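Peer 1: Shown below is the structure under consideration.
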Amino acid sequence: MTTETTLKLMATIAVVWSLVCAPVLAADVGFEEVKISNGAEPPLTAGIWYPTAAPATPHALGNVTQTVAPDAPIMGDRLPLVVLSHGGGNWYGGHYDTALALAHAGFVAAAISHAGDTFDDQSRVMQLWRRPAQLHRLVDYMFQEWRGQDRLDAARVGAFGFSNGGFTVLVAAGGVPDLSKIAPFCELHADHDLCEALQHAGVDLRSAANVPVDAWVHDPRIKAVVIAAPSFGFTFGRAGLSGVRIPVQLWSAEQDRHQPHPDYDEPVRDDLPRTPGYRVVANAGHYDFLPPCDARLLRMRPEICKSLPGFDRAAFHEQFNADVVQSFKAMLR
């Protein structure tokens, strides 16, 4: 076979591969809320966004409105899946705009409410090992029980996480943290918002440190991750991140005053065995990775809703969501 013939054959294969594996572009987005059995514990709650040809209309989702087609038929086959893990004290709808963007681009996006670390239940906020196990259960559900399980591509699974969700996704990707580092860290950095919040919640950080290594649940089905402002980044170290061998995109807020530099994002960036894609968002604060707030939430939680002067959170999220979509497309080819 000549070199020219070989090149033509390779080009043809590449085109066919791109046509087979490229996500469909959805005219609209379907949505459903599901309950997922979780052993002896109460069921977990999750939201699922997916491509559909059914017409979408505005529907309430917590305090916001999203344009979706509830329980509509699923459009497409071999759809890539991205599971989402929210930050502390949030819920599955916390990154609804990112989930919508993924679904419009032909992904299925599934987000879990982490029981024990949601806006209405902070009873197990420092039992951080529960979060990766819950995310693993979500992936199980999507491939074994969800009505659209036969529409998914098991070879293309990604995960997105913010703050505590970023920590969760790092563990799911193979990371092993050492929680015994948290108590001495917070003794030295009691002024960090994260440490103040834990102290205010009455969390016994030293008792939370006794976690066996096998408590951390990894999920080899996850092939790529996007994380934003991961919490407790200092607990991993080079050894703790040595098992994270998949592509990682890491986002950092330049003016993160909740988890100030250089103890959260930077240790993850520096200690991953594979150099991550690293993006620093100028003038952004920690909570700017959350969608823009409505007037009611702004009144209730100004600390997570207000951005620094000159930062346009709405404009940022349009670009952020587009970048997240493109990153997953590239990493899950």
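Numbered according to mature numbering (1 follows the signal peptide of the UniProt record, and there is no 0), the sequence shown spans residues -26 to -1, 1 to 307. Every residue, glycine too, gets a C-beta built ideally from N, C-alpha and C. These figures come from a predicted structure and were not determined experimentally.
What's the C-alpha gap between V191 and S97?
Peer 2: As a first step, residue 191 is located in the sequence shown; it is residue number 217 there, counting from the start. As a first step, residue 97 is located in the sequence shown; it is residue number 123 there, counting from the start. Those two C-alpha atoms are separated by around 21 angstroms.
Peer 1: Beta-carbon within less than 7 angstroms of A(-5)'s beta-carbon, same chain only, minus the 5 sequence neighbours each way: which residues are those?
Peer 2: On the sequence shown, position 22 is the one that residue -5 refers to. Reliability of the predicted coordinates at A(-5) is poor, the pLDDT of 45 falling under 50, and no value is obtained from them.
Peer 1: Sort D245, H291, S137, F141 by Cα distance to residue 366 and report the nearest one.
Peer 2: In this structure the chain extends from -26 to 307, so residue 366 is not present and cannot be described.
Peer 1: With three or more C-beta pairs closer than 8 angstroms as the rule, is the region 160 to 175 touching the region 207 to 222?
Peer 2: These segments do not touch.
Peer 1: Throw me the rounded Cβ distance for the V298 and A75 pair, which I believe falls under 8 angstroms.
Peer 2: Stepping through the sequence shown from its first residue, residue 298 is reached at position 324. Stepping through the sequence shown from its first residue, residue 75 is reached at position 101. So it is a contact: roughly 7 angstroms between Cβ atoms.
Peer 1: State the CB to CB distance for the pair G132 and V199, rounded to an integer number of angstroms; the pair is presumed to be in contact (CB under 8 angstroms).
Peer 2: Working through the sequence shown from its first residue, we reach residue 132 at position 158. Working through the sequence shown from its first residue, we reach residue 199 at position 225. Confirmed, about 6 angstroms.
Peer 1: Where F5 and A77 are concerned, what is the direct C-alpha to C-alpha distance, given to the nearest angstrom?
Peer 2: Against the sequence shown, residue 5 aligns to sequence position 31. Against the sequence shown, residue 77 aligns to sequence position 103. Approximately 10 angstroms between the Cα atoms of the pair.
Peer 1: Straight-line CA distance for F134 to L162?
Peer 2: One-based indexing of the sequence shown puts residue 134 at position 160. One-based indexing of the sequence shown puts residue 162 at position 188. Going from the Cα of F134 to the Cα of L162 covers about 30 angstroms.
Peer 1: Measure how close the beta-carbons of residue 365 and V143 come, nearest whole angstrom, since I'm counting them as under 8 angstroms.
Peer 2: With the chain running from -26 to 307 in the structure shown, residue 365 is simply not present.
Peer 1: If we count the other Cβ atoms within 10 Å of its Cβ and call it buried at 16 or more, is D91 buried or exposed?
Peer 2: Taking the first residue of the sequence shown as position 1, residue 91 is located at position 117. Buried: at least 16 other Cβ atoms inside 10 Å.
Peer 1: Can you tell me the Cα-Cα spacing of V255 and G67, whole angstroms?
Peer 2: The residue labelled residue 255 in the question sits at position 281 within the sequence shown. The residue labelled residue 67 in the question sits at position 93 within the sequence shown. Going from the Cα of V255 to the Cα of G67 covers about 23 angstroms.
Peer 1: Beta carbon of A34: closer than 8 angstroms to some heavy atom of the ligand SAH?
Peer 2: Summarising the ligand content, the structure contains no ligands, and the ligand SAH is consequently not present.
Peer 1: I'd like the list of long-range same chain contacts for A107, defined as Cβ closer than 6 angstroms, with 5 residues on each side in sequence excluded.
Peer 2: Along the sequence shown, one-based indexing puts residue 107 at 133. These residues qualify, in order along the chain: V191.
Peer 1: To which residues of the same chain is R219 closer than 7 angstroms at the C-beta, ignoring the five residues directly before and after it?
Peer 2: Counted from its first residue, the sequence shown places residue 219 at position 245. Excluding positions up to five away in sequence, the list reads G148, P247, R248.
Peer 1: I'd like to check one pair, A203 with Q233: are the Cβ atoms closer than 9 angstroms?
Peer 2: Counted from its first residue, the sequence shown places residue 233 at position 259. Counted from its first residue, the sequence shown places residue 203 at position 229. Their beta carbons are under 9 angstroms apart, which means Q233 touches A203 by this criterion.
Peer 1: Could you compute how far the alpha carbon of A304 sits from the alpha carbon of R273?
Peer 2: Stepping through the sequence shown from its first residue, residue 304 is reached at position 330. Stepping through the sequence shown from its first residue, residue 273 is reached at position 299. Between A304 and R273, the C-alpha separation is close to 39 angstroms.
Peer 1: Rounded to whole angstroms, what is the Cα-Cα separation between L112 and A157?
Peer 2: Here residue 112 corresponds to residue number 138 of the sequence shown, with the count starting at 1. Here residue 157 corresponds to residue number 183 of the sequence shown, with the count starting at 1. Cα to Cα, L112 sits roughly 31 angstroms from A157.
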